[in-house]
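Take 2 as the starting number for the sequence shown in our numbering and just add one per residue.
Think of the CB as a built atom: it goes at the ideal place given N, C-alpha and C, for glycine as much as any other residue.
Note that the coordinates shown come from a computational prediction; the quantities given were computed from them, not determined experimentally.
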Amino acid sequence: MVLFVLVIWGLGYLMSVYYGSTGIMWGVLVGASIYAFIQYFIASKVALTMNGAKEIQKKDNPRLYRMVENLSITNGMPMPKVYVVDDPAPNAFATGRDPKHAHVAATTGILDLMDDRELNAVMAHEMGHVQNYDIRVMMIVFGLVSAIGLLADILVRMIWFGGDARDKGGPWIVVIGVAAAIITPLVAIVIQAAISRQREYLADATGALTTRDSEALASALEKLGNVSTATKRQNTSTAHLFFANPLKGGFAKLFSTHPPMSERVSRLRKMSTKM
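In structure tokens:
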């Protein structure tokens with residue numbers, strides 16, 4: 002989180018140097034904070050809409066709904082809203098601000114692929130994200146990544162259209178500004194991925210402790226390792242929310258928000274010997 006603030010401060014500093022006013026830097030910090038704060042409250046709805054999630058009731062899918070309901074009772078947590086995503090790729094995700102404003106979703110692909118024991122383990126993992134307040138952490142991260150992307154775009158436009166300031170600052174500020182506008186969003190994605198990977202390990206452990214069945218989650222992960230989990234709607238900004246990497250190969254693997262399946266399975270198998 003500190004790194005995110007430093008990246009935003011760096012962009013603000015470049016803007017202030019470009020126009021010769023330190024007030025711009027403080028304005029950027031305040032503006033980015035307000036933007037991230039607004040994103041914090043609306044990001045969950047944006048994530049659900051972007052991924053085509055449709056809310057269901059118990060009558061729509063009794064199997065999934067009852068699993069989430071039972072896990073909520075087991076953990077002593079409020080019942081989250083349950084969603085289904087019409088997508089053949091097996092995956093799931095959780096989002097929201099806190100347990101009282103939580104949403105959990107599963108794709109039709111994962112409902113078809115998993116048996117009841119494995120699906121229950123997957124949903125326990127997602128409920129683990131809710132229980133550990135990972136959903137809050139990742140909503141803040143989502144807002145900060147969005148703010149950095151917006152600031153980088155503004156910086157490019159300032160350099161491109163700010164003729165007088167460009168001439169005054171010299172070519173070096175143009176080069177540094179363009180480089181920063183390109184690099185900082187990548188840095189933000191790397192930080193986002195690092196945070197997400199650690200929270201995935203924690204949610205695996207929490208889900209296994211909830212069900213007392215770490216082997217079921219390991220089995221589910223092994224199944225996913227043999228199929229494509231890339232969803233039809235490719236959204237890098239919400240990829241960190243999913244149970245498995247929802248993006249296609251290539252550069253997506255370089256900036257993956259998820260740890261390797263094999264490592265997750267290995268950790269769960271070690272847990273099973275201690276439970």
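Roughly how many whole angstroms lie between the Cα atoms of residue i and residue j?
i: residue 94; j: residue 22; result: 44 angstroms
i: residue 79; j: residue 157; result: 45 angstroms
i: residue 84; j: residue 20; result: 48 angstroms
i: residue 252; j: residue 258; result: Its pLDDT being 49, under 50, residue 252 is placed unreliably by the model, and the measurement read from it follows with that caveat. In a straight line, the C-alpha of residue 252 is about 12 angstroms away from that of residue 258.
i: residue 60; j: residue 69; result: 14 angstroms
i: residue 200; j: residue 134; result: 10 angstroms
i: residue 131; j: residue 76; result: 10 angstroms
i: residue 223; j: residue 64; result: 22 angstroms
i: residue 149; j: residue 270; result: 39 angstroms
i: residue 106; j: residue 25; result: 41 angstroms
i: residue 73; j: residue 211; result: 10 angstroms
i: residue 155; j: residue 248; result: 27 angstroms
i: residue 167; j: residue 6; result: Low confidence applies here, because residue 167 scores a pLDDT of 49, under 50, leaving its location unreliable; read the following figure in that light. If I take the Cα positions, the gap works out to 26 angstroms.
i: residue 38; j: residue 141; result: 8 angstroms
i: residue 206; j: residue 264; result: 13 angstroms
i: residue 45; j: residue 192; result: 20 angstroms
i: residue 213; j: residue 120; result: 14 angstroms
i: residue 67; j: residue 189; result: 38 angstroms
i: residue 58; j: residue 101; result: 17 angstroms
i: residue 27; j: residue 17; result: 9 angstroms
i: residue 185; j: residue 159; result: 16 angstroms
Relative to the C-alpha of residue i, which residue among the options is closest?
i: residue 236; options: 79, 189, 215 and 49; result: 49
i: residue 238; options: 77, 51, 119 and 230; result: 51
i: residue 4; options: 187, 38 and 159; result: 187
i: residue 118; options: 209, 229 and 77; result: 209
i: residue 179; options: 190, 63, 152 and 67; result: 152
i: residue 41; options: 96, 90 and 15; result: 96
i: residue 220; options: 203, 155 and 115; result: 115
i: residue 47; options: 28, 98 and 73; result: 98
i: residue 194; options: 17, 139 and 122; result: 139
i: residue 196; options: 185, 136, 234 and 225; result: 136
i: residue 62; options: 27, 18 and 112; result: 112
i: residue 234; options: 184, 108 and 56; result: 108
i: residue 225; options: 56, 55, 43 and 110; result: 110
Based on the DSSP secondary-structure assignment, which residues constitute the bridge partners of residue i?
i: residue 97; result: 103
i: residue 54; result: 86
i: residue 283; result: Past the edges of the chain, shown from 2 to 276, lies residue 283, and the structure says nothing about it.
i: residue 5; result: Answer is none; residue 5 lacks a bridge partner.
i: residue 243; result: 94
With C-beta atoms as the reference, is residue i less than 7 angstroms away from residue j?
i: residue 215; j: residue 273; result: yes
i: residue 103; j: residue 89; result: no
i: residue 245; j: residue 232; result: no
i: residue 71; j: residue 243; result: no
i: residue 240; j: residue 15; result: no
i: residue 29; j: residue 53; result: no
i: residue 204; j: residue 122; result: no
i: residue 261; j: residue 198; result: no
Inset, instruction - Pair every Cβ in the region 20-38 with every Cβ in the region 142-161, then say whether three or more of these pairs are closer than 8 angstroms. - result: With the cut-off at 8 angstroms, the region 20-38 and the region 142-161 touch.
Legend entry - Inter-stretch contact (C-beta, 8 angstroms, three-pair minimum) for the region 118-135 and the region 7-16: Touching, no, given that fewer than three Cβ pairs across the two stretches are closer than 8 angstroms.
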